[in-house]
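Working notes for the structure below.
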Amino acid sequence: MIELDLIDAPEELGPPALAALAAAGVDDGHLAIELVDAERIGELNREHRGRDRPTDVLSFPVDATGPAVEPRELGDVVICPEHTEDLIEAVVHGVLHLCGYDHEADGGEMLALQARVLEGL
């Protein structure tokens, strides 16, 4: 079972997140999606990626090597609406990163899956 927390985020972001998880073959776990302002996402981007500027979406997957807990903690997706053209696309993109996809290293696999998920919504 998937447990999804939407923090300062509209309920309509839930179905795209669940669709991305299903496409990635994930059917159990907990994740959170939070909408933040440009200042906050800029801080997170600087702290975690060394980039001193706001961005559209950041994903923070949980390290799977820690002790097993139920439900499995997948991580957090943080989105800045001010820097995002499409919230639904940002959700799908961020969730796929939580599932281990990396568009910078996978030869287009993640972006192709993202497109299929978005087409199916």
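Be aware that the sequence shown starts at 484, since it is given in this note's numbering, and climbs by one per residue.
The beta-carbon is built from N, C-alpha and C at its ideal position, and this holds for glycine as well.
Computed from a predicted structure; not experimentally measured.
On the DSSP bridge list, what partners appear for residue i?
i, result
"L541", "V561"
"G512", "I485"
"I490", "E517"
"I568", "Looking at the sequence provided, one finds Glu at residue 568 rather than Ile. For E568, which the question treats as bridged, DSSP gives no partner whatsoever."
"E556", "H513"
Of the residues the options, which one's Cα is nearest the Cα of residue i?
i, options, result
"H586", "E602, E486, S542, G558", "S542"
"A521", "A595, V561, A507", "V561"
"A598", "I490, R523, E572", "E572"
"I524", "I516, V540, H513", "V540"
"E602", "G533, A515, A502", "A502"
"V600", "A506, E568, T538", "A506"
"P537", "H513, P493, A492, H566", "H566"
"G577", "A588, L504, L527, E495", "L504"
Can you list, in chain order, the residues of its chain whose CB lies under 8 Å from that of residue i, leaving out five sequence neighbours each side?
i, result
"V509", "I485, L557, C582"
"D511", "M484, I485, P554, R555"
"L487", "G497, A500, L501, H513, L514, A515, I516"
"D491", "E517, L518, V519"
Ignore the nearest five residues each way along the sequence and tell me which others in residue i's own chain have a CB closer than 6 Å to its CB.
i, result
"E530", "none"
"M593", "L579, Y584, H586"
If you follow the alpha helix (DSSP H) that residue i is in, where does it begin and where does it stop?
i, result
"H531", "521-532"
"E592", "592-603"
"G497", "497-506"
Using a Cβ-Cβ cut-off of 7 Å (strictly less than) and excluding sequence neighbours within five positions of residue i, which residues of its own chain qualify?
i, result
"P564", "L518, L570"
"A588", "none"
"L489", "L496, G497, I516"
"R534", "N528"
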